[in-house]
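Just so you know, the numbering used here puts 328 at position 143 of the sequence shown, and the rest follows in order with no gaps.
Beta carbons: idealized from backbone N, C-alpha and C, even for Gly.
Please read these numbers as outputs of a predicted model, since none were measured by experiment.
Contents: one structure, followed by commentary.
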Amino acid sequence: MKSNIKILLLILIVINSTSYSQNKKLNLVGNWNMTDYWGNKSDFILSEDNYASMSVNGEFIDGKNFIIHGGKNDGQKGEMKYLINYGKTPIELDIIAMKENKEMGRILGVIKPLNENEFLMIWSFDGKRNSDFSENNNEQIMTVKRKG
Numbered sequence: 186m187k188s189n190i191k192i193l194l195l196i197l198i199v200i201n202s203t204s205y206s207q208n209k210k211l212n213l214v215g216n217w218n219m220t221d222y223w224g225n226k227s228d229f230i231l232s233e234d235n236y237a238s239m240s241v242n243g244e245f246i247d248g249k250n251f252i253i254h255g256g257k258n259d260g261q262k263g264e265m266k267y268l269i270n271y272g273k274t275p276i277e278l279d280i281i282a283m284k285e286n287k288e289m290g291r292i293l294g295v296i297k298p299l300n301e302n303e304f305l306m307i308w309s310f311d312g313k314r315n316s317d318f319s320e321n322n323n324e325q326i327m328t329v330k331r332k333g
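Written as structure tokens, this is what we have:
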């Protein structure tokens with residue numbers, strides 16, 4: 186009898202967490218800390234006006250005003266914006282590189298909300314969206330926690 190109650194409670198917890206991730210619109214605007222598989226931490230900021238800023242290899246990239254390093258656009262001003270699709274499961278969060286209001290490239294992302302202040306995220310750089318949150322893909326999964 187006790188084991189049946191434990192199983193029932195476990196099922197209710199799973200259903201509750203699944204319904205949270207599918208029904209509650211997570212507010213992603215704000216300042217976040219990203220941690221990758223190896224424990225590397227970086228800042229990740231999503232503004233209300235859809236700009237994304239982040240630290241990459243210790244360098245902070247201001248989404249509203251950053252200077253492009255390398256390639257044919259070296260030294261020119263660019264922007265980084267984000268686009269969220271809450272209608273997909275997992276939720277899609279793309280980072281879009283812009284120059285003169287024209288899309289220059291896109292990082293395809295997915296997120297799996299854990300609660301209102303934490304989610305898991307995977308970014309794909311090869312043009313194919315990776316949504317494998319299983320243990321087999323741990324090296325690709327980042328943990329993102331709201332600051333403050």
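Item, Value
"N- and C-terminal bounds of the beta strand (DSSP E) containing W217", "G215 to T220"
"For N235, three-class secondary structure by DSSP", "coil"
"Residue nearest to N323 in terms of C-alpha spacing, selected from N218, G224 and L211", "G224"
"Local conformation of E285 per DSSP, three classes", "coil"
"Coil, strand or helix - V329 by DSSP", "strand"
"Where V241 falls, given that 16 or more other Cβ within 10 Å makes a residue buried", "exposed"
"Same chain only: Cβ atoms within 8 Å of F245, ignoring 5 sequence neighbours per side", "D228, S238 and M239"
"Separation of H254 from I307, as counted between CA atoms", "24 Å"
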